[in-house]
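Just so it is clear: in the sequence shown, position 168 is 190 by the numbering used here, and no numbers are missing. Using N, Cα and C, we set each Cβ at its ideal position, and we do this for glycine too. To start, the structure under review is shown below, and the notes come after it.
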Amino acid sequence: VTAHWTDSETLNRVSAALACHRLKGRHTYDVLAAKLEEIHTEYEIVSKIVKTTTDNGSNFVKAFSVFAVNSEQPEEPEETEGDESTFHDVYGDLTEAAESFEYQLPPHQRCAAHTLNLISTVDAEKAEKDPTYKRLTRGTFAKCQALWNKASRSTQAAEVVQGECSFVLLKPNATRWNSVFMAVERLNHIVKTKGENAIHKLYAEFNVSKLKPGEIQFLKDYAQVMKPMAQALNILQGECNHSNAYMGYLAPTIALLKEKLQKKNGIATVKPLVTALLDGIDKRFDYIFDDEKIIAAALLHPKFKDNWTNDEDMLKKGMDFINDRLESDTGVGALREAETSISSVEDDENNFFFTKTKTSASELQLFLESHTEELSVYASWPKLHQLFIELNTPVPASAACERLFSCAGLIFRPHRSSMTDRNFENSLLVKLNKNFV
């Protein structure tokens, strides 16, 4: 479990590791909920958490759908006319209602990076419903896999690749989708810099079937389509720049990803792939364009403002949310200001020349019309500054938490195999939180 917050002065992202506990037995939704609540209570942050981001595992999704404080309940089915008697499971409803109060979890956000991985693998496979695409992609990647396998089996094979191409081949990793894209990109780079003959020599050297010209072109088209997916994944994981880890990056990244993919629809060889990816994005990310807080988070980020979409209805939804919040805050502030001015006779002259303060709508409009993309712009708008912190503190992806496992592998080495769970966790937290010590 990691914690992420925004520095109120600089608006920079700050992160810390909180826990790395072993869960024994089945990792059911109630077990996860109990452990998360225990960690929140231990650090006394229950009332401070804005949102929790996890992967899309069914156990996490159910834990938050049942125990999150503002989880949306499914709509009741409409009653239908008829003579048949309807039996309702009252006991089940009461049990579920009682369960929902057993633990209290914060609002939930599904990991956008994990969702993109699902789109790039599970949803992309649906493109193979097109027989021509299926035949082309399976034949091409079978030959690529044969080359990757041969090149990675020995140092001599790696030396052959290095000698012919001046590069090493990248072999895809089964656990990371974008490793396939990077491996294909490397092949395309070799073809571009050394020519097709360099690749053909490798196939001849390793005695495997060579790629045909149409298959080489398919690899170029495949990389052209998947490049925006890989870029979006890196952005949301914060791998390009850790300053990307604001919720305000989510909606613009997905909206622009859709635009980029739609422009690839004219590439005939990979059109089924483009369609499958777009369908996957619509199915899995449709909710973000209806979430006023996610839209508002993007509007309040100086990098994006209202320049990332032409959908006026969507922008209006986010702006209405911001204006409502600003007006409610302004109302309270104005009341306090009035109470103070009434008690002061010396301010009569100032009150006479009192100029009406800017409305919340004009404050937002001035911010949107400003030309700077730096977070320092909020020095002029303290109310927008506070709202930015509230809406952009949640992270769009759980990649930071998953990086704990990379660090954990460096600690839990064979000669430390007898470490207790507590000592292991303490060692990990000290290593990750050394900046706070």
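Alpha-carbon to alpha-carbon, residue j and residue i
i, j, result
"residue 116", "residue 89", "In this prediction, residue 116 scores a pLDDT of 44, lower than 50, which makes its location untrustworthy; no coordinate-derived value is stated."
"residue 473", "residue 77", "One cannot answer for residue 473 here, as it falls past the ends of the chain, which runs 23 to 459."
"residue 322", "residue 62", "28 angstroms"
"residue 412", "residue 36", "14 angstroms"
"residue 348", "residue 414", "16 angstroms"
"residue 127", "residue 55", "7 angstroms"
"residue 104", "residue 258", "With a pLDDT of only 38 at residue 104, under 50, the local geometry of the prediction cannot be trusted, and no value is derived from it."
"residue 176", "residue 224", "14 angstroms"
"residue 343", "residue 51", "33 angstroms"
"residue 82", "residue 303", "21 angstroms"
"residue 441", "residue 47", "20 angstroms"
"residue 402", "residue 393", "13 angstroms"
"residue 53", "residue 193", "37 angstroms"
"residue 86", "residue 389", "35 angstroms"
"residue 28", "residue 274", "20 angstroms"
"residue 334", "residue 307", "19 angstroms"
"residue 446", "residue 44", "10 angstroms"
"residue 346", "residue 328", "18 angstroms"
"residue 152", "residue 198", "25 angstroms"
"residue 64", "residue 26", "17 angstroms"
"residue 137", "residue 155", "24 angstroms"
"residue 33", "residue 317", "19 angstroms"
"residue 97", "residue 267", "At residue 97 the pLDDT is 39, less than 50, meaning the model places this residue with poor confidence; the figure from the coordinates comes in the next sentence. Distance between the alpha carbons of residue 97 and residue 267: 33 angstroms."
Beta-carbon proximity check, residue i vs residue j, cutoff 8 angstroms
i, j, result
"residue 190", "residue 205", "no"
"residue 186", "residue 146", "no"
"residue 255", "residue 418", "no"
"residue 426", "residue 39", "yes"
"residue 131", "residue 75", "yes"
"residue 133", "residue 450", "no"
"residue 73", "residue 129", "yes"
"residue 200", "residue 252", "yes"
"residue 429", "residue 456", "no"
"residue 68", "residue 423", "no"
"residue 269", "residue 319", "yes"
"residue 324", "residue 399", "yes"
"residue 298", "residue 331", "no"
"residue 291", "residue 228", "no"
"residue 405", "residue 391", "no"
"residue 222", "residue 232", "yes"
"residue 236", "residue 421", "no"
"residue 460", "residue 125", "Outside the displayed span of the chain (23 to 459) sits residue 460, for which this structure offers no information."
"residue 218", "residue 238", "yes"
"residue 91", "residue 169", "no"
Residues that DSSP places opposite residue i in a beta bridge
i, result
"residue 38", "25"
"residue 127", "90"
"residue 76", "132"
Minimum Cβ-Cβ distance from residue i to chain C less than 8 angstroms
i, result
"residue 70", "Absent here is chain C; the protein component of the structure consists of one chain."
- Task: At 4 residues or longer, and completely inside the stretch 260-336: list those alpha helix (DSSP H) runs for me, N to C.
- Result: 272-284, 293-307, 314-321
- Per the contact definition of three or more C-beta pairs closer than 8 angstroms, is the stretch 330-342 in contact with the stretch 305-314? yes
- Meets three-Cβ-pair contact criterion under 8 angstroms: the stretch 141-156 and the stretch 279-286: no
- Task: Would you be able to state if there are at least three C-beta pairs under 8 angstroms between the stretch 158-167 and the stretch 227-247?
- Result: yes
- Message: Ignoring anything shorter than 4 residues, give me the alpha helix (DSSP H) runs that lie fully in the stretch 181-249, in order along the chain.
- Response: 200-216, 218-228
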